[in-house]
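Structure first, then comments.
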Amino acid sequence: MSVHFGCDSSLVLSVHVGSDSSLVMSVHVGCDSSLVMSVPDGCDSSLVMPAHDGCDSSLVMSVPDGCDSSLVMSAHDGCDSSLVMSVHVGCDSSLVMSVHDECDIMSVHDGCDSSLVMSVHVGCDSSLVMSVHDGCDSSLVMSVHVGCDSSLVMSVHDGCDSSLVMSVHDGCDSSLVMSVHDGCESSLVMSVPDGCESSLVMSVHDGCDSSLVMSVPDGCESSLVMSVHDGCDSSLVMSVHVGCDSSLVMSVHDGCDSSLVMSVHDGCDSSLVMSVHDGCDSSLVMSVHVGCDSSLVMSVHDGCDSSLVMSVHNGCDSSLVMSVPDGCDSSLVMSVPDGCDSSLVMSVPDGCDSSLVMSVPDGCDSSLVMSVHNGCDSSLVMSVPDGCDSSLVMSVHDGCDSSLVMSVHDGCDSSLVMSVHDGCDSSLVMSVHVGCDSSLVMSVHVGCDSSLVMSVHVGCQDWIGH
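Just so you know, we're using the UniProt record's numbering here: the sequence shown kicks off at 1 and counts up by one.
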C-alpha cells in the first residue's frame, strides 16, 4: 500500500490472495481525479473498472467471467453524454448498445443467426431504423423518419417467399407504395400518391392467371383505367376519362367468343359506338352520333343469314336507310330521305318471286310509283303524279293474258284511257276526253267477232255509232 497526500493525493493498494487472485486499486484525487480497480480471480474471470471524474467524466467497466461471457460498459457524462454497453453470452450471442442523448443504437444477436439492430435518432430530423432477423430467412426491416419529408419504409419477409414492402411518405407529394406477395404467385401492388395530380395505381394477382389492374388519377382530366381478368380468358377492360373530351371505352369478353365493346364520347360531337357478339355468329354493331349532323347506324345479325342494317341521319338532309333480309331471300330495303325533295323508296321481295317496289317522292313534282308482282307473272304497276298535269297510270296483269291498262289525266284537257282484256279475245277499249272538244270513244269486242264501236263527240259535230 502506498499513500501520498498533497495537491495531488493518491492511494495505491495491491492485495494478493492465493496463487493468482489479486486486487489492485489506484485512487487519485486532484485536478484529474480517477479510480482504477482490477480484480482477477485466478480462473480467467476479472473485473476491470477505471472511473474518471474530471471535466469529461467517464466510467469504463469490463467484467469477463472466464466462460466467454463478458460485459463491457463505458459511460460518459460530458457535453455529449453517452452509454456504450456490450454484453456477450456464450458462443456468439451479444448485445451492443450505444445510448447518446440524440442517437441510440442497439444490436442484439442470439448466436443462431437471429439478430436485432435498432437505431433511434432524436433531433430535427428524428428517425428509427430497425432490422429484425429470426435465423430462418424471415426478416423485418423498418425505417421511420419524421421531419420535413417524413416517411415510413417497411419490408417484411416470412422466409417462404412471402413479403410485404410498404413505403409511406407524407411530404409535399405524399404517397403510399405497397407490395404484398403471399409466396404462391399471388400479389398486390398498390401506389397511392396524393399530390397535385393524385392517383391510385393498383395491381392484384391471385396466382391463377386472374388479375385486376386499376389506375385512378384524379387530376385536371380525371380518368379510371381498369382491367379485370378471371384466368379463363374472360376479361373486362374499361377506361373512363372525364375532361374536355370525356369518354368511356369498355371491352367485355366472357371467354366463350362472346364480347361487348362500347365507346361513349360526350365531347362536342357526342357519340356511342357499341359492338355486341354472342359467340354464335350473332352480332349487334351500333353507332350513335349526336351533334350538328346527328346519326344512328345500326347493324343486327342473328347468326342465320338474317340481318338488319339501319342508318338514320337527322341533319340538313335527314334520311332513313333500312335493309332487312330474313335469311331466305326475303328482304326489305327502305330509304326515306326527308330533305327538300323528300321521298320514300321501298322494295319488299318475299323470296318466292313476289315483290313490292314503291317510290313516293313528295317534292315539287310529287308522285307515287308502285309495282306489285305476286310470283306468277301477275303484276300491278301504278304511277300517280300530282303535279301541274296530274295523272294516274295503272296497269294490272293477272298472269293469264288478262290485263287492265288505265290512264287518267285531270289537267286542262282531262281524259280517261282504259283498255280491258279478259284473256279470251274479249276486250274493252275506252277513251274519254273532256275539254273544248269533248268526246267518248269506246270499242267493245265480245268473243266471236261481235263488237261495239261508239264515238261520242260534243262540239261542232254530233256522235256516230256502229
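For every residue, glycine included, the Cβ atom is placed at its ideal position computed from N, Cα and C.
Beta-carbon proximity check, residue i vs residue j, cutoff 9 angstroms
i, j, result
"SER427", "HIS433", "no"
"SER415", "VAL429", "no"
"VAL252", "SER259", "yes"
"VAL228", "VAL240", "no"
"SER431", "VAL417", "yes"
Residue i, DSSP secondary structure in three states
i, result
"SER426", "coil"
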